[in-house]
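Notes follow once the structure below has been shown.
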Amino acid sequence: METSVWIATLAAAITAGTPILYAALGEILAERAGVLNLGVEGMMLVGAVTGFMVAVRTGNPWMGFLVAMLAAGLLAAVFAFLTITLRANQVVTGLALTIFGTGLSGFLGKPYVGIPLPLSFKPVAIPILAEIPIIGPVLFNHNPLVYLTYILVPLLWYYFYRTRPGLNLRAIGENPAAADALGVNVFALRYIYVIIGGMLAGAGGAFLSLAYAPSWLENMTAGRGWIAVALVIFAVWDPVKALLGSYLFGGVDALTYTLQAATKIAIPSFFLKMLPYILTLVVLIIATRQTVVKHIGAPGALAIPYDREER
Amino acid sequence: MAGTSLPGRVPVITWEKRLEPSRLTAVIIPVAAVILALGVGAIFLAATGFNPLKVYQNMLEGVIGSKYGLSETVVKAIPLMLAGLGVSVAFRMLLWNIGAEGQFYMGAFGASWVALTFPHLPAYIMLPAMFLAGIAMGGVWAVLPALPRARWGVNEVITTLMLNYVAILWVDYLVYGPWKDPKGFNFPLTAPFSKAATLPTFAGTRIHLGLVFALLAAVLLAIILWRTRWGYEIRVIGESPRAARYAGIKIERNIILVMLLSGALAGLAGMSEVAGITHRLQHGISPGYGYTAIIIAWLAKLHPATIILVSFLFSGLIVGGYSVQTSGVPAATVSMLQGAILFFVLGGEILTRYRLHFGRKEGK
């Protein structure tokens, strides 16, 4: 294949990986705080549909993006109330959130199926940087929501490993009782991180409906929320590794299209569509084995409700 | 916080742990959850310009207003019962099998393969062969994620879910591709099965032998759980994996066996759907039975007999949902209501373990 095809594929990998990256970063925040939120798929869908609705009504994609984050954050707040305050089972509550979010998005989005978006997020080349050969067109000719993640990832990394609140965040996920004894408000912080995590999932959903597609289709996330949850394990709860992992998945997405176009091999599209799911399976198995071998792994208190009386 | 208030003066509301789980709330909560979920649904319906009362009334009439509605409710309850039973046995061991949907599709695939490959078999060989192929394929599809879970602790929520997508795409490949009925006007479905591959039905309705499968499966599951050593092991692992290990119970082996049983039941649901209802394999053969089964299992507290009962409630919801779609109510209303029911059940569960204590806080 020619270089230009490869450059286009790599650039497409970043675009396709970004919605997964948003969702994975959100899930990292929640899981670092000790809360396993399996409702990512549902929150993404609600973000995608509300973002699209608002962008159609107002003609302003940024408005849609904002509302998408708020709507998904609201769902995350419901999840937080159930799991943190009422100590409901996190696995089942996450599933409930996904089922409810899928239904709600289909319900709200029904009149919006097939409607064009007046203004979507379009690629903006960054002056000078975009001129660099190969790197420029791959990294610096994207829509603004991609650039936002370029800032968000290092920011989160710095926050986790170099700041006091970041240390507290890791503490409430590893050992909430100890953090509580040191005067850290475990309940309030868990609420905050779960809600911010949900907002990022909503942002990932809005990326799909406002930049990637750009349109609304029922179930348009097609499992990306779940892939993001798997990616968090693969990335060992690290934002930089999550970025690399997201681009890997985006690359598979992009490559299936390139392969179909560039080669004459008639692989039925159904098998190409299976690839991301099978890749997720394989990657998850490898990543889990790694965490076992190297004794690195999930936050110590992940998925365990914190109960002061049972300290 | 207690230090800032004088004991006995300031009224506070606190959670107080119950010594025994409350039996009364165990009944009230699901009922209240359904009512509250309908309330949430009503808000969304009203906000989008529907008359919620009218919609609910039409849904109810769609279910109990005609013999057809009633029999359809039984028909749709069959796959829910089987998949719900399957999910419940895995959940009992804290194995989160979210893959009933995919196991259903693979069961339907296995049964269809038999029916389409050997069309001339007599019914007494055809149906048992389809039965076996259905449970085998469903079981295999559940064992695939069970192996890495047992061996390395790979998260089964994600693996079972990923396999749902793969199974649905596999069936789509078949019905859009090599198995497509040449006389099917290009619709994504296979040729109809032979008469021998049809499950018997009852009294002129669409209710088929799958109902008997489901009821027998519930009895069998109850016997396994409370009358056999295996069932005892499953329950001990669910209560405390550590205690189970000390007692010499082989957890890894049980993970695989329980997932096999769980997937086989969902596969049987898929088999009875193709052999009892559609008489062919087709695109979108399950409208999400595998996911609804999760809600049913949790609502029924994983109890086989209760799962049978709760399945009727949810199949009624599905049938009612179909009957109002013609008047423009989105199909997604049903899954929204299902999710809301589960939310309220989960939120209410704390009341079975704790009680709200009004009044002064007792000093410790």
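Each protein sequence line maps, in turn, to chains P and C.
Residues in the first sequence are numbered consecutively from 202, following this note's numbering.
Residues in the second sequence are numbered consecutively from 202, following this note's numbering.
Glycine included, every Cβ here is placed at the ideal spot set by N, Cα and C.
So the alpha helix (DSSP H) residue i belongs to, where does it begin and stop?
| i | result |
| --- | --- |
| residue 304 of chain C | 301-318 |
| residue 498 of chain C | 490-500 |
| residue 283 of chain P | Counting along the chain, residue 283 of chain P falls outside any alpha helix (DSSP H), and DSSP gives it neither H nor E. |
| residue 382 of chain C | Careful: residue 382 of chain C lies outside any alpha helix (DSSP H) and carries neither H nor E. |
| residue 260 of chain C | 253-265 |
| residue 473 of chain C | 452-474 |
| residue 369 of chain P | 365-375 |
| residue 447 of chain C | 442-447 |
| residue 236 of chain P | Careful: residue 236 of chain P lies outside any alpha helix (DSSP H) and carries neither H nor E. |
| residue 391 of chain P | 387-408 |
| residue 224 of chain C | 224-248 |
| residue 337 of chain P | 336-340 |
| residue 286 of chain C | 268-293 |
| residue 506 of chain C | 505-526 |
| residue 495 of chain P | 470-495 |
| residue 291 of chain P | 291-310 |
| residue 426 of chain P | 425-435 |
Is the distance from the Cβ of residue i to the Cβ of residue j below 7 Å?
| i | j | result |
| --- | --- | --- |
| residue 424 of chain C | residue 286 of chain C | no |
| residue 551 of chain C | residue 287 of chain P | yes |
| residue 236 of chain P | residue 391 of chain P | yes |
| residue 376 of chain C | residue 484 of chain C | yes |
| residue 471 of chain C | residue 343 of chain C | no |
| residue 321 of chain C | residue 394 of chain C | no |
| residue 468 of chain C | residue 338 of chain C | yes |
| residue 272 of chain P | residue 255 of chain P | no |
| residue 489 of chain P | residue 473 of chain P | no |
| residue 512 of chain C | residue 282 of chain C | yes |
| residue 233 of chain P | residue 500 of chain P | yes |
| residue 555 of chain C | residue 297 of chain C | no |
| residue 471 of chain P | residue 374 of chain C | yes |
| residue 278 of chain C | residue 542 of chain C | no |
| residue 482 of chain C | residue 313 of chain C | yes |
| residue 372 of chain C | residue 310 of chain C | yes |
| residue 229 of chain P | residue 433 of chain P | yes |
| residue 294 of chain P | residue 547 of chain C | yes |
| residue 370 of chain C | residue 382 of chain C | no |
| residue 400 of chain P | residue 274 of chain P | yes |
| residue 281 of chain P | residue 385 of chain P | no |
In the DSSP assignment, what are the bridge partners of residue i?
| i | result |
| --- | --- |
| residue 402 of chain C | C:409 |
| residue 351 of chain C | Per DSSP, none; premise fails for residue 351 of chain C. |
| residue 322 of chain C | For residue 322 of chain C, which the question treats as bridged, DSSP gives no partner whatsoever. |
| residue 360 of chain P | For residue 360 of chain P, which the question treats as bridged, DSSP gives no partner whatsoever. |
| residue 419 of chain P | DSSP lists no partner for residue 419 of chain P. |
| residue 550 of chain C | Paired residue(s): none; residue 550 of chain C is not in a bridge. |
| residue 326 of chain P | P:342 |
| residue 479 of chain C | Per DSSP, none; premise fails for residue 479 of chain C. |
| residue 390 of chain C | C:483 |
Item to check | Cβ-based contacts, 9 Å cut-off: residues of the region 355-370 of chain C near chain P | outcome: 355, 356, 358, 359, 360, 362, 363, 364, 365, 366, 367, 370
Checklist entry - With a cut-off of 8 Å, do at least 3 Cβ pairs link the region 289-307 of chain P to the region 320-332 of chain P? => result no
Item to check | Stretch pair the region 233-242 of chain P + the region 421-441 of chain P: three plus CB contacts closer than 8 Å | outcome: yes
Checklist entry - Between the region 251-264 of chain C and the region 429-441 of chain C, are three or more C-beta pairs nearer than 8 Å? => result no
Item to check | At least 3 beta-carbon pairs within less than 8 Å: the region 468-485 of chain P vs the region 360-367 of chain C | outcome: yes
Item to check | Where the region 429-442 of chain P meets chain C: residues whose CB sits under 9 Å from a CB there | outcome: 430, 431, 434
Item to check | Three-pair Cβ contact test at 8 Å for the region 514-523 of chain C versus the region 500-507 of chain P | outcome: no
Next on the checklist: Can you confirm whether the region 442-454 of chain P touches the region 216-225 of chain P when touching is taken to mean that 3 or more C-beta pairs between the two stretches lie within less than 8 Å?
Outcome noted: yes
Checklist entry - Do the region 242-259 of chain C and the region 524-535 of chain C meet, that is, are 3 or more Cβ pairs less than 8 Å apart? => result yes
Item to check | Three or more C-beta pairs below 8 Å linking the region 232-249 of chain C and the region 530-541 of chain C | outcome: yes
Checklist entry - Does the region 403-419 of chain P come close enough to the region 260-268 of chain P that 3 or more CB-CB pairs lie under 8 Å? => result yes
Item to check | Members of the region 293-310 of chain P near chain C, C-beta cut-off 9 Å | outcome: 293, 294, 295, 296, 297, 298, 299, 300, 301, 302, 303, 304, 305, 306, 307, 308, 309, 310
Checklist entry - Below 8 Å, can you find three or more Cβ-Cβ pairs linking the region 485-492 of chain C to the region 222-242 of chain C? => result no
Item to check | Stretch pair the region 266-279 of chain C + the region 289-298 of chain C: three plus CB contacts closer than 8 Å | outcome: no
Checklist entry - Are the region 415-424 of chain P and the region 304-318 of chain P touching, with three or more C-beta to C-beta distances below 8 Å? => result yes
Checklist entry - What are the residues of the region 290-314 of chain C that lie near chain P, defined by any Cβ-Cβ distance shorter than 8 Å? => result 297, 299
Item to check | contact_flag[the region 388-403 of chain C, the region 317-335 of chain C] where n(CB pairs < 8 Å) is 3 or more | outcome: yes
Checklist entry - Using Cβ-Cβ distances below 8 Å, what residues of the region 531-563 of chain C are close to chain P? => result 531, 532, 533, 534, 535, 536, 537, 538, 539, 540, 541, 543, 544, 547, 548, 550, 551
Checklist entry - Mind listing which residues of the region 371-387 of chain C have their C-beta closer than 8 Å to chain P's C-betas, in chain order? => result 371, 373, 374, 377, 378
Checklist entry - Which residues, in chain order, does the region 486-516 of chain C contribute to contact with chain P at a C-beta distance below 9 Å? => result 489, 492, 493, 495, 496, 499
Checklist entry - Can you list, in chain order, the residues of the region 330-357 of chain C whose Cβ is nearer than 7 Å to any Cβ on chain A? => result Considering every chain present, this structure includes no chain A. Its protein chains are P and C.
Item to check | Interface positions of the region 241-274 of chain C facing chain P (Cβ-Cβ less than 7 Å), listed along the chain | outcome: 245
Checklist entry - Name the residues in the region 466-500 of chain P whose C-beta lies less than 8 Å from a C-beta of chain C; which are they? => result 469, 471, 472, 474, 475, 478, 479, 481, 482, 485, 486, 489, 490, 493
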